[in-house]
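Worksheet: the structure to be examined is printed underneath.
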Amino acid sequence: MPDQKSPPSEMIRVPVPLIGVVRRLSKLHRQGHTIALLQALEELLLRFDINNDIDVTAGNKSVKPLEEKLLKLESHLVAQGSSVETKLEVITKKLELIERSIASGRLGNTKPRRLAYPYQHTQVELQPRTNESLAQRLGVTSQGLVAERENKSAKEFLSWSRNRDPMSIAWEWKARDGLYHPQR
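Structure (structure tokens):
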């Protein structure tokens, strides 16, 4: 039986609109931010689901080509003969996941929903940050952060900070306490 381990680094193809998101998630994963990674994935999936309007009923025209492709793939694997059982097990598991998604109504659901994870994760509540702390999080100098805040409108600064934050959190400056507060 061939070795089942994947190589240390694999190249994957993602749609162009998702490249930035995948890079951000990869960076969080490498840094060991598991909870942050899961939250970012949840937000991405929610955004994707909100814009996704797929009808996945059994007789649907968009499902038929998928079924045909899966049948062709299965027949191709059978024709190969080597490690067919392993490959079919992988396909079977993926089909079961798709069927569960269809049955649970997750595909085609246009309403936001909570993702069901097989484990509990705690919601990380971000605390207000100082210039130094936020500058480090956003990857800029403390002086650069102050310059951005002073040269931009409040709305522009929120957008700028959201684009630089590893979890896409916007930060708002509040002069009364001299801290930056997270904005969802």
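Once you know that position 21 of the sequence shown is 21 in the UniProt record's numbering, the rest is easy, because the numbers rise by one and skip nothing.
The beta-carbon is built from N, C-alpha and C at its ideal position, and this holds for glycine as well.
Short Cβ contact (8 Å threshold) for Gln183 with Trp173: no
Range covered by the alpha helix (DSSP H) that runs through His29: Ile19 to Arg30
Buried/exposed call for Ser153, threshold 16 Cβ in 10 Å: exposed
Continuous beta strand (DSSP E) stretch holding Ala170: start and end: Ala170 to Lys174
Residue environment, Ala40, which counts as buried when at least 16 other CB atoms sit within 10 Å: buried
Beta bridge counterpart(s) of Arg162 as assigned by DSSP: Looking at the DSSP assignment, Arg162 forms no beta bridge with any residue, so it has no partner.
For Leu37 and Leu28, believed in contact at Cβ under 8 Å, the rounded distance: 4 Å
Whole-angstrom distance between Ser104 and Asp92, CA atom to CA atom: The amino acid occupying residue 92 in the given sequence is Thr; Asp does not appear at that position. For Thr92 and Ser104, the distance between alpha carbons rounds to 18 Å.
Helix, strand or coil at Leu179 [DSSP, three-state]: strand
Host alpha helix (DSSP H) of Val146 (start-end): Ser142 to Asn151
For Arg13, the three-state DSSP class (helix, strand or coil): coil
Exposure label - Arg47; buried when at least 16 CB within 10 Å: exposed
Alpha carbon of Leu45 to alpha carbon of Val21, nearest angstrom: 11 Å
Sequence-distant residues of the same chain with beta carbon closer than 7 Å to Glu148, five excluded per side: Phe157 and Trp160
Alpha-carbon to alpha-carbon, Thr141 and His181: 18 Å
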